[in-house]
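Chemist:
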Amino acid sequence: MDNRLELLKKNCNEHGVKLTYQKLEIFREILKSKDHPSVEDIYNRVKVNMPTISIDTVYRTLNSFYSWGLISRVHILCEKARFDPNTDLHHHMLCIKCKKLWDFYWPEFYTIDIPKDVKEWGHIDGKFTEIRGTCNRCLSEEKQGQSVSKIIDR
Ligand SMILES: [Zn+2]
Ligand SMILES: [Zn+2]
Numbered sequence: 001m002d003n004r005l006e007l008l009k010k011n012c013n014e015h016g017v018k019l020t021y022q023k024l025e026i027f028r029e030i031l032k033s034k035d036h037p038s039v040e041d042i043y044n045r046v047k048v049n050m051p052t053i054s055i056d057t058v059y060r061t062l063n064s065f066y067s068w069g070l071i072s073r074v075h076i077l078c079e080k081a082r083f084d085p086n087t088d089l090h091h092h093m094l095c096i097k098c099k100k101l102w103d104f105y106w107p108e109f110y111t112i113d114i115p116k117d118v119k120e121w122g123h124i125d126g127k128f129t130e131i132r133g134t135c136n137r138c139l140s141e142e143k144q145g146q147s148v149s150k151i152i153d154r
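Take the sequence shown: its letters are residues 1 to 154, numbered as in the numbering used here.
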């Protein structure tokens, strides 16, 4: 955590911006997050200690962090942007029920050759996979729900 704060300081210096209390709080909040929060999520959390902060500030700050490589952004089609303190190369599993995201690592994935069509299509900046499905927790809740409705049916 301290190393990452040092990195934040360094980046602010390099880009000629002040390391404000707001930036620091937003950064701390994203670092401790485990749920791949959206801009709104982060805004709601930092608002507790900084009631005057605007969502626009949070949005711009997160985008600076992202462009400086301090955090990453999760690419999910048709969903709003979510941010990620994990900057390692990793993939995500998305539960379509509870919308939670989990990180996973798949080193073998990078050894797979890109299909010919993709290579010919243009320049590739990155490759990520996304696994969609229903997590075990939602599955067991679903099962419980079914057995409850069975009892009611009788
Ligand atoms: Zn779930
Ligand atoms: Zn992640």
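Backbone N, C-alpha and C fix where the C-beta goes; we use that ideal spot for every residue, glycine too.
Going by DSSP, what residues sit across from R28 in a beta bridge?
Modeler: R28 pairs with nothing; no bridge assigned.
Chemist: Using three-state DSSP, classify W121 as helix, strand or coil.
Modeler: Three-state DSSP puts W121 in a helix.
Chemist: Confirm, please, whether the CB-CB distance from I112 to V118 is below 8 Å.
Modeler: No.
Chemist: Nearest-angstrom Cα distance between R154 and R60?
Modeler: Model confidence at R154 stands at a pLDDT of 49, short of 50, so the residue's coordinates are unreliable; what they give is reported in the following sentence. Cα to Cα, R154 sits roughly 56 Å from R60.
Chemist: Does the distance from the CB of V46 to the CB of I26 come in under 8 Å?
Modeler: Result yes, Cβ atoms of V46 and I26 sit closer than 8 Å.
Chemist: Could you tell me which residues DSSP pairs with E130 in its beta bridges?
Modeler: E130 is bridged to H92.
Chemist: Tell me whether R154 sits in a helix, a strand or coil according to DSSP, three-state version.
Modeler: Bear in mind that a pLDDT of 49 at R154, under 50, signals an unreliable position, so the model cannot answer this.
Chemist: When you measure from the CB of V155 to every non-hydrogen atom of ligand 2, does any distance come out below 7 Å?
Modeler: The structure shown does not extend to residue 155, since the chain spans only 1 to 154, so no value can be given for it.
Chemist: Where does the unbroken beta strand (DSSP E) through F65 begin, and where does it stop?
Modeler: No beta strand (DSSP E) contains F65, which is instead part of the alpha helix (DSSP H) from I55 to S67.
Chemist: Label I131 either buried or exposed according to how many other C-beta atoms from any shown protein chain fall within 10 Å of its C-beta, with 16 as the threshold for buried.
Modeler: It counts as exposed.
Chemist: Ligand 2: which residues have Cβ under 5 Å from any of its heavy atoms, chain order?
Modeler: Cβ-based neighbours of ligand 2 within the cut-off: D84, N86 and D103.
Chemist: Under DSSP, the alpha helix (DSSP H) around V46 begins and ends at which residues?
Modeler: V39 to V46 is the span of the alpha helix (DSSP H), which, as asked, contains V46.
Chemist: Bridge partners for S140 per DSSP, in chain order?
Modeler: Answer by DSSP bridge pairing: none, since S140 is not bridged.
Chemist: Across the stretch 98-112 and the stretch 63-73, are there enough close Cβ pairs to call them in contact, namely three or more that are closer than 8 Å?
Modeler: As far as the Cβ criterion goes, the stretch 98-112 does not touch the stretch 63-73, which means the pair count is below three.
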